[in-house]
Amino acid sequence: MARNPQRDRDRGRDRDERESEFADKLVHINRVAKVVKGGKRFGFAALVVVGDQKGRVGFGHGKAREVPEAIRKATESARRSLVRVPLREGRTLHHDSEGRHGSGKVVLRSAPPGTGIIAGGPTRAVFEMLGVQDVVAKSLGSTNPYNMVRATFDALKGQENPRAVAARRGKKVSEIVARRRDGALGDADTSGEAA
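Residue numbering for the sequence shown is 1 to 195, as defined by this note's numbering.
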């Protein structure tokens, strides 16, 4: 069967368009060595975060003898590992969450408009690629970038939108959202009375 060059050309264009919708950020690059019979063979390991800045994000790790090749491999790996995270109003998380990986622990908190991304290093890169505008994150324990990124993804994995919570609990979405608002207001009211 004869191949259609028009179709092949279009397939490449579709791939380019899909790739262009993603932004990537190099989080960490590390020089690594492999010990061989003749001595050490040096190479590079790269950690990259990729996202569409609309709620999809992934991370990847790549190793190669040269830096650009390591980054390319890490970017491809990140594109294959994309996860979707539900965002509230397209700018913050639905609820607070905690994630762990190894000895790294990350605490994520949703934030009101105008707060910005209050997070350090690798965690900030994840939120920028995710498209979050307002969030507060605290990293505890290990400061290894690999552990921090994996702990952040562990915390993001636990994010649920109110619709999913309501369906699971057999309630209306308005009850779930109202309870969240009442809880936040209730805490503020009690602290005001004590002062």
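We treat Cβ as the ideally placed atom computed from N, Cα and C, and that holds for glycine.
> Would Gly131 pass as a contact of Gln53 if the rule is Cβ separation under 7 Å?
Replying inline: Within the sequence shown, numbered from 1, the residue matching residue 131 stands at position 131. Within the sequence shown, numbered from 1, the residue matching residue 53 stands at position 53. Yes, these two residues count as a Cβ contact at 7 Å.
> Which residue from Ala119, Val126, Ala151 puts its Cα closest to that of Val48?
Replying inline: Numbered from 1 along the sequence shown, position 48 holds the residue referred to as residue 48. Ranking Ala119, Val126, Ala151 by Cα distance to Val48 puts Val126 first.
> Taking the alpha-carbon positions, what's the Arg168 to Asn161 distance?
Replying inline: Taking the sequence shown and counting its residues from 1, one reaches residue 168 at position 168. Taking the sequence shown and counting its residues from 1, one reaches residue 161 at position 161. About 11 Å.
> In terms of alpha-carbon separation, which member of Glu89, Gly158, Ser142 lies closest to His96?
Replying inline: Looking up residue 96 in the sequence shown gives position 96. Per the sequence presented here, residue 96 reads as Asp, with His not at that position. Ranking the options by Cα distance to Asp96, first place goes to Gly158.
>> Please list the terminal residues of the continuous alpha helix (DSSP H) segment that includes Val67.
In response: Position 67 of the sequence shown, counted from the first residue, corresponds to residue 67. Taken as a continuous stretch (DSSP letters only), the alpha helix (DSSP H) holding Val67 covers 67 to 80.
> DSSP state of Glu98, grouped into three classes?
Replying inline: What you label residue 98 is simply residue 98 of the sequence shown in a count that begins at 1. Correct three-state label for Glu98: strand.
>> Quick check: what's the CA-CA separation for Leu108 versus Gly38?
In response: Taking the sequence shown and counting its residues from 1, one reaches residue 108 at position 108. Taking the sequence shown and counting its residues from 1, one reaches residue 38 at position 38. Distance between the alpha carbons of Leu108 and Gly38: 47 Å.
> Does DSSP put Lys37 in a helix, in a strand, or in coil?
Replying inline: If you number the sequence shown from 1, residue 37 lands on position 37. Looking at Lys37 - three-state DSSP - the assignment turns out to be coil, as it is neither helix nor strand.
> Per DSSP, Ile176 is paired with what?
Replying inline: One-based indexing of the sequence shown puts residue 176 at position 176. Paired residue(s): none; Ile176 is not in a bridge.
> Can the beta-carbon of Gly104 be found closer than 7 Å to that of Ser142?
Replying inline: As a first step, residue 104 is located in the sequence shown; it is residue number 104 there, counting from the start. As a first step, residue 142 is located in the sequence shown; it is residue number 142 there, counting from the start. Yes, the pair counts as a contact, with Cβ atoms nearer than the cut-off.
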